[in-house]
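Notes follow once the structure below has been shown.
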Amino acid sequence: MDLRNKKILVTGADGFIGSHLTEKLVEKGYKVKAFVFYNAFNSWGWLDHSPRQIRDNLEIFAGDIRDPFGVDNAVSDCDVIFHLAALIAIPYSYHSPATYVDTNINGSLNILQAARKHNVEKLIHTSTSEVYGTAQFVPITEDHPLSGQSPYSASKIGADQMAWSFYTSFDTPVATIRPFNTYGPRQSLRAVIPTLITQMANDPSRIKLGSLTPTRDFNYVGDITDAFIKVAESYRTVGTVVNAGSNFEISIADTAQAIAELMNVEISIQSESQRMRPEKSEVNRLWADNSKIKALTDWTPRYSGIEGFKKGLQHCIDWYKEPNHLKLFKTDQYNI
1 MDLRNKKILV TGADGFIGSH LTEKLVEKGY KVKAFVFYNA FNSWGWLDHS
51 PRQIRDNLEI FAGDIRDPFG VDNAVSDCDV IFHLAALIAI PYSYHSPATY
101 VDTNINGSLN ILQAARKHNV EKLIHTSTSE VYGTAQFVPI TEDHPLSGQS
151 PYSASKIGAD QMAWSFYTSF DTPVATIRPF NTYGPRQSLR AVIPTLITQM
201 ANDPSRIKLG SLTPTRDFNY VGDITDAFIK VAESYRTVGT VVNAGSNFEI
251 SIADTAQAIA ELMNVEISIQ SESQRMRPEK SEVNRLWADN SKIKALTDWT
301 PRYSGIEGFK KGLQHCIDWY KEPNHLKLFK TDQYNI
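Written out as structure tokens, the structure reads:
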């Protein structure tokens with residue numbers, strides 16, 4: 001699919017991945033409508049920090065993904081949808097699970113209904129590696145069993161199945177992309193990499209973390225946004241689920257050490273109980289098999305392996321250490 005002559009809607013455009021994706025689409029010269037979460041401050045989230053030439057070439061739609069009427073309005077003149085709007089913080093899902101059902105499942109249903117009604121040509125639905133739970137085999141293929149080990153992951157499984165049902169029931173042209181552990185500039189401190197960088201920048205002698213043994217397949221945000229676009233462009237991805245991962249795993253402890261080496265600091269790590277997931281909810285191992293997305297598109301990660309990972313980490317370190325960026329975060333508080 002050639003996106004150059006398409007009107008593209010990005011939901012969650014004000015968020016971490018969504019803002020990077022929105023900027024990349026605009027830079028490519030595409031016509032983009034950014035769906036941002038309505039608020040009384042008229043904030044566009046991270047898009048407020050985008051270069052002027054990006055903001056001047058965006059159509060902004062402020063609304064709420066949970067509102068079917070607003071969603072229908074946003075979708076009505078669009079050809080392609082990148083659906084990223086979601087609640088994603090796992091700790092917050094433990095005490096407010098209903099909000100995850102409303103946003104992640106019902107919000108996705110609203111998008112699917114509107115896409116079907118308005119004959120959208122392609123809908124890219126965003127999943128997460130968390131739907132797999134702790135790996136039962138590695139690397140994890142798209143056929144791996146799904147396991148909702150947190151209310152967040154359960155809500156994403158529900159959204160994924162809703163997307164699949166619209167494809168099988170109504171031929172809605174849905175492709176599901178399943179990113180593994182995205183990291184990069186602008187990510188909130190609820191994620192481990194920015195938490196590590198900002199703590200090391202402030203006081204490397206007291207690094208507070210949860211469990212150190214789980215492994216993750218980390219992916220630089222530039223690779224993930226490229227994957228979104230490649231999945232949208234490929235007709236072969238309709239009706240499929242594809243992993244977007246680097247095919248490289250590393251433990252949280254080793255991630256902390258890699259960041260410390262790049263920042264040239266000696267660290268002392270303390271495990272805090274409030275940062276721990278409940279024992280049965282912890283996902284202990286994630287490692288992506290990315291052969292399917294490579295077969296269906298021409299995507300390949302540029303930040304793969306340990307050297308690629310360190311390159312991406314250096315980009316993050318440089319960004320978070322910038323005083324104007326660091327002041328945007330409450331680095332002295334645990335962010336759930």
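Number 167 in full-length UniProt numbering belongs to position 167 of the sequence shown; there are no gaps in the numbering.
For each residue, glycine too, the CB sits at the ideal point set by N, CA and C.
| Query | Result |
| --- | --- |
| Counting only runs of 3+ residues fully inside the segment 231-315, write out the beta strand (DSSP E) ranges in chain order. | 241-244 and 269-271 |
| Does LEU112 come out as helix, strand or coil in the three-state DSSP assignment? | helix |
| Candidates LEU87, LEU209, TYR38 and ALA89: which alpha carbon is nearest TYR251's? | For clarity, residue 251 is Ser in the given sequence; the question names Tyr instead. Measuring from the Cα of SER251, the nearest candidate turns out to be LEU209. |
| Could you give the distance in angstroms between the alpha-carbon of residue 337 and the alpha-carbon of LEU296? | This structure does not reach residue 337, given that the chain is present from 1 up to 336, and the question cannot be answered. |
| Should the segment 150-161 be called in touch with the segment 194-208, which here means at least 3 C-beta pairs below 8 angstroms? | no |
| Just the C-alpha distance for GLU266 and PRO68, rounded to the nearest angstrom, thanks. | 51 angstroms |
| For the candidate residues THR240, GLU142 and LEU262, whose alpha-carbon lies nearest to that of MET200? | LEU262 |
| With DSSP as the reference, label HIS118 as helix, strand or coil. | coil |
| Write down the C-beta distance between ILE140 and ASP289 rounded to the nearest angstrom, noting that I regard them as a contact closer than 8 angstroms. | 6 angstroms |
| Using only the alpha-carbon positions, how far apart do ALA115 and THR182 sit? | 27 angstroms |
| Distance, Cα to Cα, THR172 vs ILE111? | 11 angstroms |
| Quick test of the definition: if touching needs 3 or more C-beta pairs under 8 angstroms, does the segment 214-227 touch the segment 13-25? | yes |
| Measure the C-alpha to C-alpha separation of PHE35 and PHE16 and round it to an integer number of angstroms. | 13 angstroms |
| Could you please give me the residues that DSSP links to ARG216 through a beta bridge? | ILE250 |
| Applying the 10 Å Cβ sphere with the 16-neighbour rule, what's the burial state of ASP143? | exposed |
| Can you grab the Cα-Cα spacing for the pair THR99 / THR126, in whole Å? | 18 angstroms |
| Kindly identify the DSSP beta-bridge partner or partners of GLY63. | PHE37 |
| Which of helix, strand or coil does DSSP assign to THR11? | strand |
| State the Cα-Cα distance for the pair GLY305 and THR255, rounded to the nearest angstrom. | 13 angstroms |
| DSSP three-state call for ALA135: helix, strand or coil? | coil |
| Which class does PHE166 belong to by DSSP, given the choice of helix, strand or coil? | helix |
| Judging by CA-CA distance, which residue of PHE166, TRP319 and THR11 is the nearest neighbour of PHE61? | THR11 |
| Below 8 angstroms between beta carbons: does that hold for residue 337 and LEU313? | Lying before the first or after the last residue shown, residue 337 is absent from the chain, which here runs from 1 to 336. |
| So, with DSSP's three-state summary, where would you put LYS31? | strand |
| Which residue from LEU9, GLU249, PRO323 and VAL131 puts its Cα closest to that of PRO145? | VAL131 |
| Using only the alpha-carbon positions, how far apart do LEU58 and CYS78 sit? | 14 angstroms |
| Under a three-way DSSP split, which group does PRO179 fall into? | strand |
| Could you compute how far the alpha carbon of ALA191 sits from the alpha carbon of PHE228? | 21 angstroms |
| Less than 8 angstroms between the CB atoms is what I'm expecting for ALA258 and VAL80, so what's the real figure, rounded? | 37 angstroms between Cβ atoms; not a contact. |
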